[in-house]
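The block underneath contains the structure these notes are about, expressed in structure tokens.
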Amino acid sequence: MPMGPNSIVVGKSYRTPDDEIRTVRSIDNGDVVYHAASGATPAMIARVADQKLSLAEFAAEVEGEVALGV
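Quick note on our numbering: the sequence shown kicks off at 3 and runs consecutively.
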């Protein structure tokens, strides 16, 4: 189930239905800048560029917040 846009918070991580983890870097003017990782090694994750979606799109694509250590 998608999340509401007001539930998205900078610094938190969210999971998509495809098990991609998206960590929110910033929210500015209705756009979310995030770092995505999915089944990658830490070295690969470090080289992935930040991505951007509208807040509404980001919220619609994630299912829930990821707890620390998950």
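Glycine included, every Cβ here is placed at the ideal spot set by N, Cα and C.
Whole-Å CB distance - residue i paired with residue j, under 8 Å assumed
i, j, result
"threonine 18", "glutamate 63", "6 Å"
"tyrosine 36", "aspartate 20", "No, tyrosine 36 and aspartate 20 are not in contact; Cβ-Cβ is about 15 Å, not under 8 Å."
DSSP beta-bridge partners of residue i
i, result
"leucine 55", "Val34"
"glutamate 22", "Answer by DSSP bridge pairing: none, since glutamate 22 is not bridged."
"glycine 66", "Arg17"
"isoleucine 29", "Val34"
"alanine 39", "Ile23"
Residue burial classification, residue i (beta-carbon count within 10 angstroms, cutoff 16)
i, result
"valine 12", "exposed"
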